[in-house]
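Following: one structure in structure tokens, then a few remarks.
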Amino acid sequence: MQKPRLGTATPKIAWLAVTVGFLVDTMLSEFIATICRAVDPTVVGQADNSTFASTTGIVLWVASIFATGLGGYVAARWAKRERVLHGVLVGGLGIGMMLLFAVLDSSVTYNGLDLSLQFLATLMGGVGGLLSSRLPTRQDDV
2 MQKPRLGTAT PKIAWLAVTV GFLVDTMLSE FIATICRAVD PTVVGQADNS
52 TFASTTGIVL WVASIFATGL GGYVAARWAK RERVLHGVLV GGLGIGMMLL
102 FAVLDSSVTY NGLDLSLQFL ATLMGGVGGL LSSRLPTRQD DV
């Protein structure tokens, strides 16, 4: 059996794909949040009981979770391998960024509901990755 040469192994995680998926997720989530804040200015970025008391707050969080699913789908399509892993990593990167902001900025506080919703979004990113492997590409149609 021949040993692989240095630098010839392909990485299992395509971080560029994860980054692109995360950017799609973030930009779409911020766009949705801007629209929701225009409709209801009391809606803020963090989840609490008052957020879910309004229809706009519920729409904001549900749409943001689906945006993570779309970001996971984009990351999985871009990576073309380990699709579910790349989808989950989009949501995982969101959790990492949330924790980083909490450490760097003492005015930012997150409650358990924020973290729970982010974990749900991570699962949705995995579903997006799974869907990307199920839906045919243009090359598959030919």
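Here my numbering = 1-based position in the sequence shown + 1. Glycine included, C-beta positions come from ideal geometry on N, C-alpha and C. Model, not experiment: these values are computed from the prediction.
Just to check my reading of the structure: L121 and V19 have Cβ atoms closer than 8 Å, yes? What is that Cβ distance to the nearest angstrom?
19 Å between Cβ atoms; not a contact.
Could you please give the first and the last residue of the uninterrupted alpha helix (DSSP H) stretch that includes V104?
R84 to L105
Between the C-alpha atoms of S133 and I96, what's the straight-line distance to the nearest angstrom?
22 Å
Assuming G73 contacts G113 (C-beta within less than 8 Å), just tell me the rounded distance between them.
Actually they are not in contact, since the Cβ atoms of G73 and G113 sit about 23 Å apart, beyond 8 Å.
Could you tell me the distance, in whole angstroms, from the CA atom of S55 to the CA atom of V104?
30 Å
Please report how far the alpha carbon of V40 lies from the alpha carbon of A15, in whole angstroms.
38 Å
Where the alpha helix (DSSP H) through I66 begins and ends:
T56 to A80
Distance, Cα to Cα, D142 vs L136?
Low per-residue confidence applies at D142: pLDDT is 47, beneath 50, and the placement is therefore not dependable, though the value from the model is reported in the following sentence. Cα to Cα, D142 sits roughly 11 Å from L136.
Suppose the cutoff is 6 Å on Cβ atoms and the five residues either side in sequence are ignored; what does the same chain contact list for L131 look like?
V85
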